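Student: What follows is a single structure, and I will ask about it in a moment.
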Amino acid sequence: MRNEDQQPETGTTAIETVAESQTLQSRRGLLRIATLGTAAVVTVKPGIANAAVSAITCSIPVPQSSQANKWIKSDGSVVNPNTKNSYDPPNTPLSGEDVKNSLAYGTRYSGYNQNETNAFNKYIQKLTMGKQGYTCYSSIQRQI
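Under our numbering, the letters of the sequence shown match residues 45 to 188, in that order.
Structure representation (structure tokens):
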């Protein structure tokens with residue numbers, strides 16, 4: 045006597061077997077997607093952390109070194125010294141953390157009044173790619 049003859053009939057049809065097979069395939073697909081998603085999160089998180097740290101430790105010269113001995117007008121433009129409504133720029137570059145706090149919360153730069161701070165912030169907001177401080181400013185923008 046054969047083994048198959050001794051086993052009771054399970055009553056499964058070919059359609060049920062195909063449905064079970066498709067369910068297993070879809071579960072495997074979901075597991076693959078979940079695995080890829082986990083790897084992506086693990087890969088992206090260090091990059092985000094590095095961007096946060098670099099925004100705090102970077103600095104922005106106001107104005108850039110090619111425009112030394114120039115002042116910053118209240119609208120953020122770079123002008124000749126002693127121009128009306130212009131301010132003597134900082135002697136040292138502004139730290140990324142100070143710029144972030146000033147842009148996000150309206151704090152003043154140490155040693156400068158609110159009008160000077162606003163002029164420096166407008167200069168920073170006008171920075172374009174290729175200018176000194178642009179990379180720092182763009183990383184700060186992502187955090188604000």
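All residues carry an ideal CB built from backbone N, CA and C; glycine is no exception.
Since we're looking at a predicted model, the values are computed, not measured.
To the nearest angstrom, how far is the alpha carbon of residue 132 from that of residue 125?
Tutor: As a working note, residue 132 is residue 88 in the sequence shown. As a working note, residue 125 is residue 81 in the sequence shown. Cα to Cα, residue 132 sits roughly 7 Å from residue 125.
Student: With a Cβ-Cβ cutoff of 7 Å, do residue 117 and residue 109 count as a contact?
Tutor: For the purposes of this step, residue 117 is identified with residue 73 of the sequence shown, where counting begins at 1. For the purposes of this step, residue 109 is identified with residue 65 of the sequence shown, where counting begins at 1. The answer is no: Cβ separation not under 7 Å.
Student: Which of the three DSSP states is assigned to residue 75 in this structure?
Tutor: Within the sequence shown, residue 75 is the residue found at index 31, counting from 1. Here residue 75 sits in helix by DSSP.
Student: May I have the straight-line CA-CA distance separating residue 112 from residue 147, to the nearest angstrom?
Tutor: Here residue 112 is taken as the residue at index 68 of the sequence shown, counted from 1. Here residue 147 is taken as the residue at index 103 of the sequence shown, counted from 1. Approximately 24 Å, taken between the alpha carbons.
Student: If you reduce the DSSP assignment to three classes, tell me which class residue 103 lands in.
Tutor: For the purposes of this step, residue 103 is taken as the residue at position 59 of the sequence shown. Residue 103: strand per DSSP, three-state reduction.
Student: List the DSSP bridge partners of residue 117.
Tutor: Taking the sequence shown and counting its residues from 1, the one referred to as residue 117 is at position 73. Residue 117 is bridged to 130.
Student: Looking at C-alpha atoms only, which residue of 128, 115, 127, 143 is the closest neighbour of residue 186?
Tutor: Reading the sequence shown from its first residue, position 142 is the one you call residue 186. Nearest of 128, 115, 127, 143 to residue 186, Cα basis: 143.
Student: For residue 188, which residues of its own chain have a beta-carbon under 7 Å away from its beta-carbon, when the five flanking residues on both sides are left out?
Tutor: For this step, residue 188 is matched to residue 144 along the sequence shown. Hits under 7 Å: 144, 147, 148.
Student: For residue 139, which three-state DSSP category applies?
Tutor: The residue given as residue 139 occupies position 95 in the sequence shown. Strand, per DSSP.
Student: Count the other C-beta atoms from every protein chain shown that fall within 10 angstroms of the C-beta of residue 135, then say buried if there are 16 or more, exposed otherwise.
Tutor: Counting from 1 along the sequence shown, the entry for residue 135 is found at position 91. It is exposed - the Cβ of residue 135 has fewer than 16 other Cβ atoms within 10 Å.
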